[in-house]
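Undergrad: According to full-length UniProt numbering, the sequence shown holds residues 1 to 149 in order.
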Amino acid sequence: MYTFKTNNENETQDLAETLASFLKPGDVLTLDGDLGAGKTTFAKGLARGLGVKRTVNSPTYTIIKEYRGRLPLYHMDVYRLEDSDEDIGFDEYFNGIGVTVVEWSSFIEEFLPKERLEIEIKKIDDDERKLILTPKGERFQTICKELKQ
Ligand code: ADP
Ligand code: MG
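What follows is the structure, encoded as structure tokens:
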């Protein structure tokens with residue numbers, strides 16, 4: 001487990017942007033935390049780090065949005081799948097040529113790949129957040145170590 005504190009949304013985006021530089025095709029990141037914690041904010045920073053030019057917004061109503069960058073970014077918000085166990089073809093994304101980031105990933109736990117980087121965001125204060133990164137698999141372990149330096 002690797003923890004980070006941020007004091008405003010820019011710091012959260014900067015952290016995500018740095019993380020993006022370590023990513024490669026097929027990487028899966030999960031984002032969990034309450035509404036307003038900063039999941040979409042983190043995804044925006046990730047997009048910036050992947051060289052996405054378009055504005056990234058919450059895909060709540062579409063579930064999945066794709067963006068073109070250095071690598072494609074697949075941005076999912078699976079909040080609306082809470083009460084269903086429907087597989088909407090997750091593996092195509094998880095094993096695809098892009099990076100996938102999943103907001104509210106706990107709702108599709110059964111479909112998540114074994115190797116992934118779990119990110120939990122906790123709201124401490126209006127502008128203060130605690131980010132808890134739990135690497136699943138050796139590759140993300142290494143990435144977290146580098147990110148901490
Ligand atoms: P979520 O996707 O988890 O519902 P959002 O990213 O949409 O959350 O919203 C987070 C809100 O919290 C934004 O309005 C953002 O400006 C604000 N915020 C304040 N401080 C931070 C911080 N340190 N990190 C991320 N967001 C922050
Ligand atoms: Mg969101």
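We treat Cβ as the ideally placed atom computed from N, Cα and C, and that holds for glycine.
Starting from E103, trace the beta strand (DSSP E) in both directions and tell me its first and last residue.
TA: Its beta strand (DSSP E) spans residues V99 to E103.
Undergrad: With DSSP as the reference, identify every bridge partner of D125, one or two as the case may be.
TA: DSSP output for D125 lists no bridge partner at all.
Undergrad: Comparing alpha-carbon positions, which option in P113, I121 and T40 lies nearest G89?
TA: The residue with the shortest Cα to Cα distance from G89 is P113.
Undergrad: Taking only three categories from DSSP, how would you classify I63?
TA: It is coil, neither helix nor strand.
Undergrad: With the cut-off set at 8 Å, would you say P25 and G137 are in Cβ contact?
TA: It is not a contact, given that the beta carbons lie outside the stated cut-off.
Undergrad: Which term fits I119, buried or exposed, when burial requires 16 or more other beta carbons within 10 angstroms of its beta carbon?
TA: With 16 or more other Cβ atoms within 10 Å, it is buried.
Undergrad: Looking only at C-alpha atoms, which of L147, Q141, C144 and L133 sits nearest to L31?
TA: For L31, the nearest C-alpha among the options comes from L133.
Undergrad: Considering only the beta carbon of each residue, do F42 and T12 sit closer than 8 Å?
TA: Going by C-beta atoms, F42 is nearer than 8 Å to T12.
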